[in-house]
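K.L.:
Below you will find the structure I want to go over with you.
Residue numbers (the numbering used here): -6 to 450.
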């Protein structure tokens, strides 16, 4: 029985094989078979040759890359510098310092970082495994479109790991996108820039971004806050947080560095509390503080180290300066009140630390008494003076007589190009009699290139 079954199976196999051979033979006998076969073989050979050429080119490319890396490793000592030094170099090469409001500039140049990471395996290891290099992120909401975080920013966030971000947002006229709130919440240094469209000043996008941060972000996260209104026309009100004022205290109290331009919070806001760095620039007349409000802010920031006040329009201090007491700012290191009334100096009681002062003398032809009194009370070692009129040259004698600790003096005549020759003759002849280490003379006028002369003892 088994023999009969095996014979039948063998006959079936033989018959199927015969049919397959017959079908193959009939296909090979089809007209044009040879042409089709030749074309297929030619295509296969062409693909094989192309593959071999690609492999050869890649081998040559990798060989040249290895040779180039070896040459760099031998010739350029920077490739083998310690990791801490290379990280500092990479940060400097790929980052733009400060807030960015120009749509053509970005805080982090990712192309530079990617190029750096391909120089050598050592550099790649450093760039990929150093989250701080990827912690600066710039989002242009004016040009951004979409319903999710762009891939470039997502890659930056992944490489930044869990460290806080240095985030810059250029806001448009609409609401702050909810998809970008996670970036807002990760920021420890937050820069908000307003984009003015057709000369219109609208602070609603700034308020909306601040509200999103306060309602969604963790408290005590942002240490540095920079807001640039970038408004060509005055605005009539302060930045307001509406019903979130109480909740905002936990967020605003953590800020240590505050920079405001063209915008301001209410002068009694908790944002002006415990600061170590304060900059107020181009504050319009509708928002200007009073003399008592400035004193209140100074008193709330006893650890202030840097104070910059510039172009606070129409600040009237004539009736207030005599009654407002001075505030102790004993840790102050830099005081910049260029283009501001000198009476502000009566508000400040400086400490024994070395102090750098920048003032403008274009408001009056003679050095006013607040400046001389302040120089006598302070340990001013570096003084930068903007000169605006020829008659102010004689006031330099009062400067030198008021302070005994001055080691560096800079006289800026850039607004008075006609008096550059007189300034040079006067200051260079007097430099021999001054107890200065450095005397700088700046002459010129924008857009003409400014020239700087330096006299060292």
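We put the beta carbon where it would ideally sit given N, CA and C, even for glycine.
Are residue 336 and residue 351 close, meaning C-beta to C-beta below 7 Å?
P.N.:
No, Cβ-Cβ distance for residue 336 and residue 351 is not below 7 Å.
K.L.:
To which residues of the same chain is residue 242 closer than 6 Å at the C-beta, ignoring the five residues directly before and after it?
P.N.:
263
K.L.:
With 16 as the cutoff for other CB atoms within 10 Å, does residue 213 come out buried or exposed?
P.N.:
That one is exposed.
K.L.:
What residue range is occupied by the uninterrupted beta strand (DSSP E) comprising residue 374?
P.N.:
Looking at the DSSP string, the run of the beta strand (DSSP E) that includes residue 374 is 373 to 379.
K.L.:
Could you name each continuous alpha helix (DSSP H) segment of 4 residues or more that falls completely within the segment 278 to 338, going from the start of the chain to the end?
P.N.:
284 to 292
K.L.:
Find out if the Cβ-Cβ distance for the pair residue 228, residue 257 is shorter than 7 Å.
P.N.:
no
K.L.:
Is the beta carbon of residue 299 less than 7 Å from the beta carbon of residue 273?
P.N.:
no
K.L.:
In the DSSP assignment, what are the bridge partners of residue 162?
P.N.:
132, 185
K.L.:
How many whole angstroms separate the CB atoms of residue 187 and residue 215, which I take to be in contact at a CB cut-off of 8 Å?
P.N.:
Not really, about 18 Å apart at Cβ, beyond 8 Å.
K.L.:
Expressed to the nearest angstrom, what Euclidean distance is found between the alpha-carbon atoms of residue 80 and residue 283?
P.N.:
For residue 80 and residue 283, the distance between alpha carbons rounds to 45 Å.
K.L.:
Return the CA-CA distance between residue 435 and residue 112, expressed in angstroms with no decimal places.
P.N.:
42 Å
K.L.:
Any idea if residue 48 is buried or exposed, counting beta-carbon neighbours within 10 angstroms, 16 or more meaning buried?
P.N.:
exposed
K.L.:
Just to confirm before moving on: does the CB-CB distance between residue 339 and residue 363 stay below 7 Å?
P.N.:
yes
K.L.:
Please report the distance separating the alpha-carbon of residue 302 from that of residue 58.
P.N.:
Answer to the nearest angstrom: the Cα atoms are 53 Å apart.
K.L.:
According to the neighbour-count rule (16 or more other Cβ atoms, all chains shown, within 10 Å of its Cβ), is residue 280 buried or exposed?
P.N.:
buried
K.L.:
Taking 7 Å as the CB-CB cut-off, is residue 265 touching chain C?
P.N.:
Note that chain C does not occur in the displayed structure, where there is just one protein chain.
K.L.:
Does the beta-carbon distance from residue 348 to residue 372 come in below 7 Å?
P.N.:
In contact: residue 348 and residue 372 (Cβ atoms closer than 7 Å).
K.L.:
What does DSSP give as the partner residue(s) for residue 80 in the beta ladder?
P.N.:
DSSP, once it has assigned bridges, lists no residue as partnering residue 80.
K.L.:
Rounded to whole angstroms, what is the Cα-Cα separation between residue 430 and residue 368?
P.N.:
18 Å
K.L.:
Go to residue 370, then tell me how far its alpha helix (DSSP H) extends in each direction, as first and last residue.
P.N.:
362 to 370
K.L.:
When we look at the beta-carbon of residue 321 and count the other beta-carbons within 10 Å, is it buried (16 or more) or exposed?
P.N.:
Exposed, by the Cβ-count rule.
K.L.:
For my contact list, residue 156 and residue 125 are in at a C-beta cut-off of 8 Å; report their separation, rounded to the angstrom.
P.N.:
6 Å
K.L.:
What are the boundary residues of the beta strand (DSSP E) that includes residue 228?
P.N.:
Note, residue 228: premise wrong, no beta strand (DSSP E); not H, not E.
K.L.:
Express the C-alpha separation of residue 46 and residue 31 in angstroms, rounding to a whole number.
P.N.:
22 Å
K.L.:
Do you know how far the Cα of residue 164 is from the Cα of residue 254?
P.N.:
If you take the alpha carbons of residue 254 and residue 164, they lie about 15 Å apart.
K.L.:
Shortest alpha-carbon distance to residue 221 belongs to which of 204, 162, 286?
P.N.:
162
K.L.:
For residue 159, count neighbouring C-beta atoms within 10 Å of its own C-beta (all shown protein chains included) and say buried if the count is 16 or more, exposed if not.
P.N.:
buried
K.L.:
Would you call residue 78 buried or exposed, if buried means 16 or more other Cβ atoms sit within 10 Å of its Cβ?
P.N.:
exposed
K.L.:
Using a Cβ-Cβ cutoff of less than 7 Å, which residues in the same chain neighbour residue 211 once the five nearest sequence positions on both sides are dropped?
P.N.:
178
K.L.:
Nearest to residue 305 by CA position, among 406, 334, 341, is which residue?
P.N.:
334
K.L.:
Rounded C-beta distance between residue 209 and residue 174? I'm assuming under 8 Å.
P.N.:
Confirmed, Cβ separation roughly 5 Å.
K.L.:
Hey, how far is the Cα of residue 56 from the Cα of residue 329?
P.N.:
57 Å
K.L.:
Comparing C-alpha positions only, which one of 106, 76, 74, 73 sits nearest to residue 87?
P.N.:
106
K.L.:
Drop a sphere of 10 angstroms on the beta-carbon of residue 198, count the other beta-carbons inside from all chains shown, and report buried for 16 or more, exposed for fewer.
P.N.:
Note on residue 198: 16 or more other CB atoms within 10 angstroms of its CB, so buried under the neighbour-count rule.
K.L.:
Less than 8 Å between the CB atoms is what I'm expecting for residue 270 and residue 250, so what's the real figure, rounded?
P.N.:
4 Å
K.L.:
Where do the ends of the alpha helix (DSSP H) carrying residue 121 lie?
P.N.:
114 to 121
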